[in-house]
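Engineer: In our numbering, the protein residues as written are 0 to 307.
C-beta: ideal position from N, C-alpha, C; glycine also.
Sharing a structure here in structure tokens format.
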Ligand SMILES: [Zn+2]
């Protein structure tokens, strides 16, 4: 699949040259990339968002995005179904056995990574690093409630990194979007994981938190609109893992399955994603939207079926 994409890209580049382009010795490929599907991606992560709570949840903003876009309730975690492991997979495009972050709170890899896997900034290629390499002038930002996230991304590739609390996350990230119109911004809520652990997945408190977070997501969408970039934005919403009773980390589908919503420019409306999607597929999907070539080490594949 990837080879075919490259071949198409090469053919397009060759066609451009054969039509008498005056770029002379301009290199074919690498820095030119594909045409993006959209100029902006807003990734919103919800820690502990379980797929089997989706129907019951009062989350009109999220369901509105899903109804106008593409949805699967079977985004599968890598194992174990816990936080750092899956955020690493989400941002690095590889499974546990490759990135080697093995516990929920790992800050560095717990096992040896493949030879040559780390190319820059002391960390495997994250979505931020790969977009930075190919779009040097891109504005890239990350806002995360949980301070464990910063160990799982390449902060040196970011223009801005901040850790607001729940009450300020949407406002601070929304203000940033309005001022900077980032090409890629990731906003990671550390909920609904907390009421999940404290009271239970699927408890009234869990659903109350989902409703609250949905309101914050409405604020983020409004900020994107006020920034004037809504027509050029794709929203990608997903989670690291789900949960059961007051725990996660195991192999039940309650723990392993989370929703994935892709919505915005170039995305099919009312589309049900039926292909297999796992945590490592999210980063290649974001790269695909932004017209960025995937890193050679990424094993995840973009969810191409979601796009027109
Ligand atoms: Zn988590």
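#1: Between which residues of its own chain and residue 209 is the CB-CB distance below 6 Å, once the five residues before and five after are set aside?
#2: Under 6 Å: does the beta carbon of residue 156 sit that close to some heavy atom of ligand 1?
#3: Hey, quick one: how far does the alpha helix (DSSP H) through residue 95 stretch, first residue to last?
#4: By how many angstroms is the C-alpha of residue 118 removed from the C-alpha of residue 144?
#5: Would a C-beta distance cut-off of 7 Å place residue 284 and residue 260 closer than the cut-off?
#6: Compute the minimum distance between the beta carbon of residue 121 and the heavy atoms of ligand 1, and state whether it is under 6 Å.
#7: Compare the C-alpha of residue 184 against each of 60, 116, 51 and 90 and name the closest.
#8: Suppose only complete runs of 4+ residues qualify. What are the alpha helix (DSSP H) ranges in the region 247 to 272, listed by chain order?
#9: So, does the region 105 to 125 touch the region 67 to 74, judging by three or more C-beta pairs under 8 Å?
#10: Any idea which residues DSSP pairs residue 44 with across the strands?
#11: Which same chain residues, not among the five before or five after residue 199, have their C-beta less than 8 Å away from its C-beta?
#12: Rounded to a whole number of angstroms, what is the C-alpha to C-alpha distance between residue 52 and residue 111?
#13: Excluding five sequence neighbours on each side, which residues of the same chain lie with their C-beta closer than 6 Å to the C-beta of residue 42?
#14: Using alpha carbons as the reference points, say which of 233, 238 and 257 lies closest to residue 267.
#15: Would residue 79 and residue 242 qualify as a contact pair, given that the criterion is a beta-carbon distance under 7 Å?
#16: Is it buried or exposed, residue 85, if we count other Cβ atoms within 10 angstroms and call 16 or more buried?
#17: Of all the options 238, 250 and 305, which has the alpha carbon lying nearest to the alpha carbon of residue 88?
#18: Taking 6 Å as the cut-off, is the CB of residue 237 close to at least one heavy atom of ligand 1?
#19: Looking at the strands, I want to know which residues DSSP matches up with residue 131.
#20: Just to confirm, does residue 197 get its C-beta within under 6 Å of one of the non-hydrogen atoms of ligand 1?
#21: For residue 161, list the residues DSSP reports as bridge partners.
#22: Helix, strand or coil for residue 243 per DSSP?
#23: At the 7 Å Cβ level, is residue 38 part of the contact set with chain B, yes or no?
#24: Just to check, is the beta-carbon of residue 104 closer than 6 Å to a non-hydrogen atom of ligand 1?
#25: Between the C-alpha atoms of residue 258 and residue 276, what's the straight-line distance to the nearest angstrom?
#26: Should residue 113 be labelled buried (16 or more other beta-carbon atoms within 10 Å of its own) or exposed?
Structural biologist: On the basis of the coordinates in this document:
#1: 56, 58 and 191
#2: no
#3: 95 to 98
#4: In this structure, the CA atom of residue 144 is about 28 Å from the CA atom of residue 118.
#5: No. Outside cutoff.
#6: Taken from the Cβ of residue 121, every heavy atom of ligand 1 lies 6 Å or farther away.
#7: 90
#8: For the region 247 to 272, whole alpha helix (DSSP H) runs of length 4 or above, ordered along the chain, are 252 to 255.
#9: With the cut-off at 8 Å, the region 105 to 125 and the region 67 to 74 do not touch.
#10: 187 and 237
#11: 205, 244 and 245
#12: 36 Å
#13: 185 and 235
#14: 233
#15: no
#16: buried
#17: 238
#18: no
#19: Beta-bridge pairing links residue 131 to no other residue.
#20: no
#21: Looking at the DSSP assignment, residue 161 forms a beta bridge with 142.
#22: strand
#23: Of the chains in the structure shown, none is chain B; there is only one protein chain.
#24: no
#25: 10 Å
#26: exposed
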